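2 protein chains.
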Amino acid sequence: MQKHPDGSSPRLTLLTLAQDLGISRATVSNAYNRPDQLSAALRERILARAAELGFAGPDPMARGLRRGRVGAVGVLVDEGLSRAFSDPAVVDLLDGLARELQADGLGLLLHAGRADDEAALRPIQDAAVDAWVVLSMPDGHPAVAAARTRNRPLVVLDQPVLPGVPLVGIDDAAGAAAAIAHLLALGHRRLGVLAMPLRPDRQEGPAGLARQAGATYQVMRRRLAGAASAAEAAGLSWDRVPVVESAANDPDAGARAVAGLLTGDDAPTALFACSDQLALGVLRAARAAGLRVPADLSVVGFDDSSAAPSADPPLTTVRQPLRDRGRELGVLVRALLRGETPPAPEPAPVHLVVRSSAAPVGGGGAADARG
Amino acid sequence: MQKHPDGSSPRLTLLTLAQDLGISRATVSNAYNRPDQLSAALRERILARAAELGFAGPDPMARGLRRGRVGAVGVLVDEGLSRAFSDPAVVDLLDGLARELQADGLGLLLHAGRADDEAALRPIQDAAVDAWVVLSMPDGHPAVAAARTRNRPLVVLDQPVLPGVPLVGIDDAAGAAAAIAHLLALGHRRLGVLAMPLRPDRQEGPAGLARQAGATYQVMRRRLAGAASAAEAAGLSWDRVPVVESAANDPDAGARAVAGLLTGDDAPTALFACSDQLALGVLRAARAAGLRVPADLSVVGFDDSSAAPSADPPLTTVRQPLRDRGRELGVLVRALLRGETPPAPEPAPVHLVVRSSAAPVGGGGAADARG
DNA sequence: GCTGGTGTCTGTATCGATCTAGAAGCTATC
DNA sequence: GATAGCTTCTAGATCGATACAGACACCAGC
Chain A
10 MQKHPDGSSP RLTLLTLAQD LGISRATVSN AYNRPDQLSA ALRERILARA AELGFAGPDP
70 MARGLRRGRV GAVGVLVDEG LSRAFSDPAV VDLLDGLARE LQADGLGLLL HAGRADDEAA
130 LRPIQDAAVD AWVVLSMPDG HPAVAAARTR NRPLVVLDQP VLPGVPLVGI DDAAGAAAAI
190 AHLLALGHRR LGVLAMPLRP DRQEGPAGLA RQAGATYQVM RRRLAGAASA AEAAGLSWDR
250 VPVVESAAND PDAGARAVAG LLTGDDAPTA LFACSDQLAL GVLRAARAAG LRVPADLSVV
310 GFDDSSAAPS ADPPLTTVRQ PLRDRGRELG VLVRALLRGE TPPAPEPAPV HLVVRSSAAP
370 VGGGGAADAR G
Chain B
10 MQKHPDGSSP RLTLLTLAQD LGISRATVSN AYNRPDQLSA ALRERILARA AELGFAGPDP
70 MARGLRRGRV GAVGVLVDEG LSRAFSDPAV VDLLDGLARE LQADGLGLLL HAGRADDEAA
130 LRPIQDAAVD AWVVLSMPDG HPAVAAARTR NRPLVVLDQP VLPGVPLVGI DDAAGAAAAI
190 AHLLALGHRR LGVLAMPLRP DRQEGPAGLA RQAGATYQVM RRRLAGAASA AEAAGLSWDR
250 VPVVESAAND PDAGARAVAG LLTGDDAPTA LFACSDQLAL GVLRAARAAG LRVPADLSVV
310 GFDDSSAAPS ADPPLTTVRQ PLRDRGRELG VLVRALLRGE TPPAPEPAPV HLVVRSSAAP
370 VGGGGAADAR G
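Those sequence lines, one after another, are chains A and B.
FYI, the numbering for the first sequence is 10 to 380, going by our numbering.
FYI, the numbering for the second sequence is 10 to 380, going by our numbering.
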């Protein structure tokens with residue numbers, strides 16, 4: 010755009026403008042950052058001339074260096090962006106976060122925490138951010154360590170639990186227990202559970218007690234523990250409840266993982282899917298197997314993401330306030346950036362939202378069977 | 010973490026480390042950036058000592074200032090992040106972009122382009138990014154102007170068309186024409202169109218020719234023009250084809266907007282929805298109105314997003330290679346950052362993917378009618 | 001006429017790195 | 001033994017802004 014006669018592009022800086030106007034660099038800086046430090050008239054003159062020359066204001070990086078702030082918050086998500094964002098729950102949460110941070114003009118810098126490559130961690134270490142938000146990363150993930158090396162404020166969602174790091178979480182165990190209790194109350198005794206990945210190794214299929222206990226995704230460890238205690242409390246032996254692990258938290262993977270469980274004489278009459286994404290997969294698999302939901306199979310999900318109410322049938326699910334939690338993360342980050350040391354918020358309450366994907370065992374819907 | 014005995018935190022810099030080791034600052038810098046400029050032994054010693062002291066490497070902002078690069082690409086999306094990311098098409102595209110940029114260790118800095126507030130533009134002007142990617146913003150949106158003020162490389166998806174700015178697009182008109190032609194070939198004569206927003210004013214309802222022509226979302230202008238020409242070519246007068254505008258590009262808004270169109274004596278037998286998100290809304294509205302798809306109503310979408318094949322019924326839709334287009338954006342950005350001036354890529358080809366949401370008029374499915 | 005207070009504006013040190021040019025040491029060659 | 005060519009390391013300028021401590025003018029009050 011602005012090209013010098015001699016061909017070199019004359020980068021505009023505060024100094025350029027100051028010299029042009031015959032005033033000092035500091036005054037131009039003040040025109041942008043401290044309007045009270047100079048007369049309104051002069052400020053107008055400076056801004057007008059800046060617009061004329063096409064000067065866009067102080068350079069972000071130089072300002073960042075001097076002030077120690079860039080105006081960006083790093084967000085660390087597991088795996089690729091695609092997988093993370095294909096989950097409406099993550100999107101809702103991120104939206105809450107972004108809205109809250111907008112109050113301070115902070116943007117979100119996304120980085121995917123791929124564990125594979127040692128060199129892939131450099132971009133994370135070298136990211137110009139004021140703080141980090143870590144979204145549901147497994148225990149011991151190297152990307153989390155990389156984000157911590159700069160000693161910037163860091164806030165964690167759900168997991169991992171790190172000493173001295175504030176965490177925004179929910180009572181996963183209570184939520185899962187509520188889901189199981191609901192199914193038990195409906196009279197179901199042959200239960201099944203479809204789990205999100207327990208470890209980042211893409212394993213799929215039945216998950217025994219050992220695998221469950223060794224889960225590096227703490228969220229799953231807690232939800233399974235909650236489910237187990239609710240089952241045991243009702244006299245059901247947990248080790249006889251089939252738990253199937255999905256290779257990924259999306260409907261397709263969920264449908265694939267659960268397919269084998271739905272047929273056979275002792276197939277479950279009710280399934281607890283540990284996320285709405287997986288619950289959608291169960292619905293799909295059930296349809297493919299010719300089962301009616303909820304007549305032949307009851308399904309309960311987890312999250313109450315935006316996809317839950319519009320599913321077919323609408324999902325009974327454990328509601329967690331996703332947007333609010335995103336906002337909480339933002340509030341926490343802002344406080345930390347102001348130098349405060351706020352207490353981590355209490356785990357948000359969860360409760361069951363009853364819609365129509367779960368019904369009493371035996372299937373009232375058989376009346377108008379039309380298969 | 011690292012606290013000095015006297016209470017002040019002793020920020021670690023290249024200089025600290027250099028003095029500690031009795032060498033020069035430049036050498037420490039070289040240890041990180043130019044391994045060939047010093048002996049392997051010394052480099053090892055530096056890195057080891059750095060790890061010992063907890064030095065995470067050169068400061069990103071200082072490096073950014075000196076090098077003129079921060080390692081981040083700004084992404085400008087319309088409206089809130091939530092709306093943008095709830096569209097699987099956007100997510101797929103973003104994933105392609107992120108993957109391509111990862112090759113250079115570049116992260117994505119998200120900013121929502123809210124038009125409301127003048128002050129809301131500052132964070133965009135002041136964002137520390139090396140380049141901008143603008144995703145489907147309407148003509149004349151102030152946020153786009155804000156992103157341009159820094160004279161950084163800028164790449165546009167779909168729109169707006171700006172002189173000298175490379176654009177990654179598709180042949181929208183041909184795609185829409187293919188959709189209409191398909192419906193016509195199936196014998197449909199009573200067509201309807203469900204449009205994405207034509208202007209960012211959240212208007213909903215029938216959109217006359219004037220409104221269509223005044224659309225500031227060019228994508229919609231082009232798709233409607235393509236649809237019109239295909240209709241006219243078949244002898245159908247376009248001004249008699251009802252076009253309904255949705256207030257937002259999501260299934261709920263789409264269902265709401267289209268509901269009124271589905272009933273009545275001269276209700277369309279076939280609908281072209283200008284995005285898969287809207288097509289999902291049509292499916293939902295049709296179900297609510299007791300219509301069977303495709304027996305009573307044929308539906309064609311646009312995008313072939315990841316939601317299309319798993320819809321019920323699977324969507325017939327116009328396929329655009331979303332992930333590839335994201336990658337193209339990334340390739341373009343990387344080239345521009347290397348100082349090259351690559352030609353904007355040819356508009357990617359689109360073609361119709363026939364699944365089962367559109368069928369011949371008259372409804373073959375009426376045989377086993379069970380309503 | 002002097003003191004003290006306000007309101008504006010400026011000079012300079014500083015943030016933490018990278019780049020360029022060149023110094024120092026060491027070996028090989030004629 | 002002087003010259004040339006390496007490799008390895010360093011000094012100093014530079015990127016562009018902001019914070020702090022004053023300088024200067026002007027006015028009020030005694």
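A virtual CB, placed ideally from N, CA and C, is assigned to each residue, including glycine.
Just so it is clear, the structure is predicted and the values come from calculations on it, not from any experiment.
{"Check": "Just how far apart, CA to CA, sit residue 246 of chain B and residue 240 of chain B?", "Outcome": "7 Å"}
{"Check": "Report, in whole angstroms, the separation of the C-beta atoms of residue 314 of chain A and residue 287 of chain A, which I expect to be a contact under 8 Å.", "Outcome": "Incorrect: roughly 11 Å between the Cβ atoms, too far for contact."}
{"Check": "Going along the chain, which unbroken runs of the alpha helix (DSSP H) with 4 or more residues stay wholly within the stretch 281-325 of chain B?", "Outcome": "285-297"}
{"Check": "Measure the Cβ-Cβ separation of residue 164 of chain A and residue 140 of chain A and say whether it is below 9 Å.", "Outcome": "yes"}
{"Check": "Any beta carbon of chain B sitting closer than 9 Å to that of residue 80 of chain A?", "Outcome": "yes"}
{"Check": "At least one CB of chain B closer than 9 Å to the CB of residue 204 of chain A: is that the case?", "Outcome": "no"}
{"Check": "Hey, residue 147 of chain B and residue 134 of chain B: beta-carbon distance below 9 Å or not?", "Outcome": "no"}
{"Check": "Roughly how many whole angstroms lie between the Cα atoms of residue 194 of chain A and residue 281 of chain A?", "Outcome": "14 Å"}
{"Check": "The alpha helix (DSSP H) with residue 242 of chain A in it runs from where to where?", "Outcome": "227-242"}
{"Check": "Please classify residue 360 of chain A: does DSSP put it in a helix, a strand, or coil?", "Outcome": "strand"}
{"Check": "I need the straight-line Cα distance from residue 289 of chain A to residue 172 of chain B, nearest angstrom please.", "Outcome": "45 Å"}
{"Check": "Expressed to the nearest angstrom, what Euclidean distance is found between the alpha-carbon atoms of residue 371 of chain B and residue 276 of chain B?", "Outcome": "13 Å"}
{"Check": "CB residue 40 of chain B to CB residue 56 of chain B, shorter than 9 Å?", "Outcome": "yes"}
{"Check": "Would residue 362 of chain A pass as an interface residue toward chain B - the criterion being a Cβ-Cβ separation below 9 Å?", "Outcome": "no"}
{"Check": "Which residues of chain B have a Cβ atom closer than 7 Å to the Cβ of residue 131 of chain A, listed in chain order?", "Outcome": "114"}
{"Check": "Check each candidate in A:249, A:155, A:285 and name the one with the smallest Cα separation from residue 260 of chain A.", "Outcome": "A:285"}
{"Check": "Run through DSSP, which three-state label would residue 133 of chain B get?", "Outcome": "helix"}
{"Check": "If you draw a straight line from the alpha carbon of residue 323 of chain A to that of residue 90 of chain A, how long is it in whole angstroms?", "Outcome": "27 Å"}
{"Check": "Kindly identify the DSSP beta-bridge partner or partners of residue 120 of chain A.", "Outcome": "A:85"}
{"Check": "Express the C-alpha separation of residue 116 of chain A and residue 215 of chain B in angstroms, rounding to a whole number.", "Outcome": "37 Å"}
{"Check": "Using the C-alpha atoms, what's the distance from residue 151 of chain B back to residue 229 of chain A?", "Outcome": "44 Å"}
{"Check": "Out of A:258, A:220, A:266, which one is the CA nearest neighbour of residue 248 of chain A?", "Outcome": "A:220"}
{"Check": "If we call anything under 9 Å between Cβ atoms a contact, is residue 83 of chain B one with residue 334 of chain B?", "Outcome": "no"}
{"Check": "Out of A:45, A:59, A:50, which one is the CA nearest neighbour of residue 27 of chain A?", "Outcome": "A:59"}
{"Check": "Alpha carbon to alpha carbon, how far is residue 181 of chain A from residue 213 of chain A?", "Outcome": "22 Å"}
{"Check": "Could you pull the start and end residues of the alpha helix (DSSP H) that residue 50 of chain B belongs to?", "Outcome": "49-62"}
{"Check": "Between which residues of its own chain and residue 227 of chain B is the CB-CB distance below 6 Å, once the five residues before and five after are set aside?", "Outcome": "168"}
{"Check": "Report buried or exposed for residue 337 of chain A, applying the criterion of at least 16 other Cβ atoms within 10 angstroms of its Cβ.", "Outcome": "buried"}
{"Check": "Rank B:38, B:319, B:354 by C-alpha distance to the C-alpha of residue 75 of chain B and give the top, closest one.", "Outcome": "B:38"}
{"Check": "Chain A partners of residue 348 of chain B, CB-CB under 8 Å?", "Outcome": "Correct list: empty, because the minimum Cβ distance to chain A is about 12 Å."}
{"Check": "So, for residue 67 of chain A: in the same chain, excluding its five sequence neighbours on each side, which residues have a beta-carbon less than 8 Å away from its beta-carbon?", "Outcome": "23, 38, 41, 42"}
{"Check": "Can you tell me where the alpha helix (DSSP H) holding residue 267 of chain A begins and where it ends?", "Outcome": "260-268"}
{"Check": "Beta carbons nearer than 7 Å to chain B: which residues of the stretch 56-73 of chain A have them?", "Outcome": "65, 66, 69, 70, 71, 73"}
{"Check": "Can you find the residues in the same chain that come closer than 7 Å, C-beta to C-beta, to residue 47 of chain B, ignoring five residues on each side of it along the sequence?", "Outcome": "36, 39, 40"}
{"Check": "Check whether the Cβ of residue 293 of chain A lies closer than 9 Å to any Cβ atom in chain B.", "Outcome": "yes"}
{"Check": "Specify, as a first and last residue, the run of the beta strand (DSSP E) that residue 23 of chain A falls within.", "Outcome": "No beta strand (DSSP E) contains residue 23 of chain A, which is instead part of the alpha helix (DSSP H) from 23-30."}
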